[in-house]
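Single-structure report; data block below.
There are 4 protein chains.
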Amino acid sequence: MLHITLNMGDSVPLYRQIMRQIQHLIATGRLGADDELPAVRVLAEQLVVNPNTVVRAYRELEVAGLLYKRRGAGTYVSSGATPYTEEERRRILSEQLDALLVESRTLGFGLDEVIELLRDRDQALKKKTDEDEA
Amino acid sequence: MLHITLNMGDSVPLYRQIMRQIQHLIATGRLGADDELPAVRVLAEQLVVNPNTVVRAYRELEVAGLLYKRRGAGTYVSSGATPYTEEERRRILSEQLDALLVESRTLGFGLDEVIELLRDRDQALKKKTDEDEA
Amino acid sequence: MLHITLNMGDSVPLYRQIMRQIQHLIATGRLGADDELPAVRVLAEQLVVNPNTVVRAYRELEVAGLLYKRRGAGTYVSSGATPYTEEERRRILSEQLDALLVESRTLGFGLDEVIELLRDRDQALKKKTDEDEA
Amino acid sequence: MLHITLNMGDSVPLYRQIMRQIQHLIATGRLGADDELPAVRVLAEQLVVNPNTVVRAYRELEVAGLLYKRRGAGTYVSSGATPYTEEERRRILSEQLDALLVESRTLGFGLDEVIELLRDRDQALKKKTDEDEA
DNA sequence: GTGGTCTAGACCACA
DNA sequence: GTGGTCTAGACCACG
């Protein structure tokens, strides 16, 4: 049973919330290579969501190389696929960095302060991850 | 002259980007109570955006209590608007940095790479801002 | 000193609020024929309003026949002028009645109930007016 | 099919007329919790109005907590919407009747004339409604 | 199918 | 000059 939480009020589309959480489950190892995902209808019912929404999430994760389908069987986690090209990875991150810089600037932070805080948060996150694993 | 930067490619709507940045300008004290905001048409021209988009941003900020209008006169900062504390500024930025770190990690970037790219984007943004002003 | 209260937040324009209240002062006899009204600048200062706003209120009341101006002297209340033609009076009232009927209908009142309540309110208003005069 | 009547000549904006009437339909129980409202385009066509005007009415009612939207699905009545009590219905109508009586009095109409004209307008409105439905 | 956003541009009311 | 409303119509994202 997959632990996925949807925020109906959020502006992030439902299918993206699903995608992101599955992606995270894989990245953190809670879903391993060739693990089977719940059937579309099952997950849709669990999340109280239109089945099409789950279909879309699975489809886009398949296109991204994180999932694969076996006809008549089910949907599974891919093994070690690198979903994006180097080019794409940099473009995606750059977009987020641009938004971050605009935001931090209007908040009155300079680049150096942002970087300093970023290092702090990275330490905090690392520590938290280690504890979770322990 | 208000410093507002729009990300046309961003999935966040333009009117929300405007709202958020004005909110931050107020909350950090760079816009004080009863300061006059640029006229709708003026800001629209500055941002290369349709006046209605600015109208919407101003209107929603008015509903939220951050701005008030004087008929036929202009748009002003409400006096009840509470500035951020240093604490809040750091908290807001930290949340975004956490999200960024999670994302960059799933994309396979290490902290140093993120910081390097961040410096690149900052240079790019600075250059763009200077050109806009020229 | 004229007792006029302006509601800045109201959707009714300032000049109309002024008009209505002067009209009311005349209709109730608190301003009599040939009484002098405050100078535009005086009233504008009193109400903390742009002088043009008072100018407009006075002008429209003059057009309506309720006030007259004496050059170099001031503004005065007209004596017994009927501001509107029969035609206009009916048109103005009809518009308000139309709005009232739409509103009462969506509130679930039938015509007979509206008329009944209307008679009630008329009695209440008459009583209140008598008391004020006593 | 929602019964909404617009007064094109009225100084009250169309989107506010729509808002008020939907609010009343909810408050009088003719629209119940989770009832679906007509699609924006449908209502716009019915009222012979631009879709954006309906969008705006729906949006502001959503902000006010009376409606909620389900993405890609439709617009619905919130469950928290409190219906008017009999008391409230009468109070709302009474306020409008009081304003009407004051106005009609300054216009020189007596109660009986107001009622007579009210009956006329009711007939006219009924006729117009019937034609719209035909 | 649904709503969300944005543009282009009109006309009006207000100060 | 200011903001407010409305139209017409485009394109997109979501389910």
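Protein chains in written order, with the numbering used here: chain X, 5 to 138; chain Y, 5 to 138; chain V, 5 to 138; chain H, 5 to 138.
Just so you know, even glycine gets a beta-carbon here, dropped at the ideal spot from N, CA and C.
Chain X within 7 angstroms of residue i, Cβ atoms only
i, result
"Y/Q127", "no"
"Y/D102", "yes"
"Y/T86", "no"
"Y/S98", "yes"
"Y/T57", "no"
"Y/L122", "yes"
Cβ neighbours of residue i in the same chain (closer than 6 angstroms, five flanking residues each side left out)
i, result
"Y/Q25", "I8"
"V/L29", "L35"
"X/K132", "none"
"Y/D116", "none"
For residue j and residue i, the rounded distance between their alpha carbons
i, j, result
"H/V58", "V/A61", "34 angstroms"
"H/D192", "X/E64", "Residue 192 of chain H falls outside the range modelled here, since chain H spans only 5 to 138, and no answer is possible."
"Y/Y80", "Y/L41", "6 angstroms"
"H/G114", "H/S108", "7 angstroms"
"V/I96", "V/L104", "13 angstroms"
"Y/K130", "Y/M23", "22 angstroms"
"Y/G84", "X/L70", "49 angstroms"
"Y/L111", "X/E90", "10 angstroms"
"X/R93", "Y/R94", "28 angstroms"
"X/V46", "X/G33", "22 angstroms"
"X/L122", "H/K73", "37 angstroms"
"Y/V139", "Y/L6", "Past the edges of chain Y, shown from 5 to 138, lies residue 139 of chain Y, and the structure says nothing about it."
"X/V16", "Y/G36", "32 angstroms"
"V/D20", "H/Q100", "According to the sequence provided, residue 20 of chain V is Arg. The question's Asp does not apply to it. So the two alpha carbons sit approximately 18 angstroms from each other."
"X/I119", "V/L10", "53 angstroms"
"H/D102", "V/E66", "27 angstroms"
"X/Q127", "H/L18", "56 angstroms"
"X/D134", "H/S82", "44 angstroms"
"Y/G76", "H/N56", "24 angstroms"
"V/S98", "V/Q27", "20 angstroms"
"H/Q50", "V/Q50", "48 angstroms"
Cutoff 7 angstroms; reference residue i; Cβ partners in own chain excluding five residues on either side
i, result
"Y/G13", "none"
"H/N54", "A48"
DSSP three-state assignment for residue i, whether helix, strand or coil
i, result
"Y/T133", "helix"
"H/T110", "helix"
"H/V44", "helix"
"Y/R168", "Shown here, chain Y extends from 5 to 138; a query on residue 168 of chain Y therefore has no answer."
"X/V58", "helix"
"V/V53", "coil"
"V/V16", "coil"
Cutoff 8 angstroms; reference residue i; Cβ partners in own chain excluding five residues on either side
i, result
"Y/T86", "A31"
"Y/A43", "G78, T79"
"V/R125", "none"
"Y/V106", "none"
Cutoff 7 angstroms: residue i Cβ touching any chain V Cβ
i, result
"H/R75", "no"
"H/R93", "yes"
"H/T89", "no"
"H/L6", "no"
Proximity test, Cβ basis, 7 angstroms: residue i and chain H
i, result
"V/R60", "no"
"V/L47", "no"
"V/Q41", "The amino acid occupying residue 41 of chain V in the given sequence is Leu; Gln does not appear at that position. No, because no Cβ of chain H sits closer than 7 angstroms to the Cβ of V/L41."
"V/G112", "yes"
"V/L18", "no"
Neighbour flag for residue i against chain Y, beta carbons, 7 angstroms
i, result
"X/V106", "yes"
"X/L71", "no"
"X/G78", "no"
"X/Q10", "Correcting the residue identity first, residue 10 of chain X is Leu in this sequence and not Gln. It does not: the Cβ of X/L10 has no partner Cβ on chain Y nearer than 7 angstroms."
"X/L115", "yes"
Contact test: residue i Cβ vs the ligand MG heavy atom, cutoff 6 angstroms
i, result
"V/L29", "Because no ligand of any kind appears in the structure shown, any question about the ligand MG cannot be addressed here."
(message) Which residues of the segment 22-37 of chain V have a Cβ closer than 8 angstroms to any Cβ of chain H? Give them in chain order.
(response) For the segment 22-37 of chain V, residues whose beta-carbon sits nearer than 8 angstroms to a beta-carbon of chain H comprise Q27, H28, A31.
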